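In my numbering, the protein residues as written are 416 to 582.
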């Protein structure tokens with residue numbers, strides 16, 4: 416009996432996505448901003464031998480499985496509830512700050528001075544804004560330029576301690 420248990424469990428585990436597609440109701444959940452609609456790839460001898468068909472078919476199948484959205488959302492919720500992480504990978508664009516604040520990584524890097532724009536790019540922007548100011552001034556309009564501080568600079572208390580922010 417124990418010799419059959421492992422192969423049976425392996426078969427059930429591997430066939431779970433197919434079984435859910437065949438017998439489960441249509442899932443209503445979608446992943447906003449994460450997936451894009453893909454059309455089913457067409458099979459040809461050239462695409463099969465070059466490996467393009469397999470890659471395209473795998474991407475299409477991954478996005479068309481109805482159970483994917485609930486599983487991704489469950490994974491995200493477990494990561495947040497158990498580990499206080501927003502993403503299961505380090506490629507996420509935001510981090511979880513103190514008191515549940517969401518902070519984009521690029522804001523942290525800018526506050527640290529790592530993504531400071533180059534002088535030439537700043538001078539170019541100043542020239543563009545100055546030209547726009549003169550154009551609008553000639554038409555009797557005013558131009559107001561607002562430069563807002565980002566969250567780590569404005570509220571350093573919400574930044575996690577592992578991120579050091581210069582003064």
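Backbone N, C-alpha and C fix where the C-beta goes; we use that ideal spot for every residue, glycine too.
Keep in mind it's a predicted model, so treat the numbers as computed, not measured.
- Query: Quick one: what does DSSP say residue 529 is sitting in, helix, strand or coil?
  - Reply: coil
- Message: I'd like the span of the alpha helix (DSSP H) that includes residue 476, first residue to last.
- Response: 467-479
- Taking the alpha-carbon positions, what's the residue 373 to residue 551 distance? The requested residue 373 is not part of the displayed model; the chain covers only 416 to 582.
- Query: Looking at the unbroken alpha helix (DSSP H) that takes in residue 541, where does it start and where does it end?
  - Reply: 534-553
- Query: Helix, strand or coil: which one does DSSP assign to residue 568?
  - Reply: helix
- Please report the Cβ distance between residue 574 and residue 512, rounded to the nearest whole angstrom; I am assuming they are in contact, meaning their Cβ atoms lie under 8 Å. 6 Å
- Task: Taking residue 568 as the reference, give the member of 537, 540, 553, 522 with the closest Cα.
- Result: 522
- Would you identify the three-state DSSP class for residue 461, choosing helix, strand or coil? helix
- Task: Alpha carbon to alpha carbon, how far is residue 562 from residue 526? Give it in angstroms, no decimals.
- Result: 14 Å
- Task: Kindly indicate which residue of 486, 472, 518, 468 has the alpha-carbon position closest to the one of residue 431.
- Result: 486
- How many angstroms separate the CA atom of residue 539 from the CA atom of residue 456? 45 Å
- Message: If you reduce the DSSP assignment to three classes, tell me which class residue 486 lands in.
- Response: helix
- Item | residue 517 - containing beta strand (DSSP E), residue span | 517-519
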